[in-house]
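Student: Letter by letter, the sequence shown follows residues 13 to 119 of the numbering used here. In this text, a Cβ means the ideal position worked out from N, Cα and C, and glycines have one as well. Here it is, the structure in full.
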Amino acid sequence: MNFKDIDAPTSTETFNKGVIEEKTGNIYQSIVIMGKRAEQINQEMKSELIQKLDEFASHTDSLEEIFENREQIEVSKFYERLPKPTSIAIKEWMSNDIYYRNPNEEA
């Protein structure tokens, strides 16, 4: 997932309850679907961040190198400024970008 192109809000927004529950007919089911998607996004973000930070890892760091690793600090700041996984999941839900199915319902 390309996190640079995400246009989800970085601050709190209010959404219409009716719009959220419209697709499933149940607000709680919609929230569970968005929550599971947020967990997936969070795992993607975490693994990508760890992978990028591992590039800068050095097993023989001195105290000076730890405080002066600007590239690592910039990568960390980039991920801190990204929208939260929940905001991204809500944006995807509102844009009909999330596929879901209920295994209890007949296809």
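Determine whether the beta carbon atoms of I102 and M46 lie at a separation below 8 Å.
Tutor: Result yes, Cβ atoms of I102 and M46 sit closer than 8 Å.
Student: Identify, in the order they occur along the chain, each residue of the same chain with its Cβ nearer than 8 Å to the Cβ of S42, setting aside the five sequence neighbours on each side.
Tutor: Only I32, E33, K35, T36 and W105 meet the Cβ criterion.
Student: When you compare only the Cα positions, how much space is there between Q52 and N114?
Tutor: Going from the Cα of Q52 to the Cα of N114 covers about 18 Å.
Student: Let's see if you can read the secondary structure: which residues bound the alpha helix (DSSP H) around S23?
Tutor: Where S23 is concerned, there is no enclosing alpha helix (DSSP H), given that its DSSP letter is neither H nor E.
Student: Where does the unbroken alpha helix (DSSP H) through T36 begin, and where does it stop?
Tutor: No alpha helix (DSSP H) holds T36; DSSP gives it neither H nor E.
Student: If you follow the alpha helix (DSSP H) that M106 is part of, which residue opens it and which one closes it?
Tutor: Start and end: P97 to M106.
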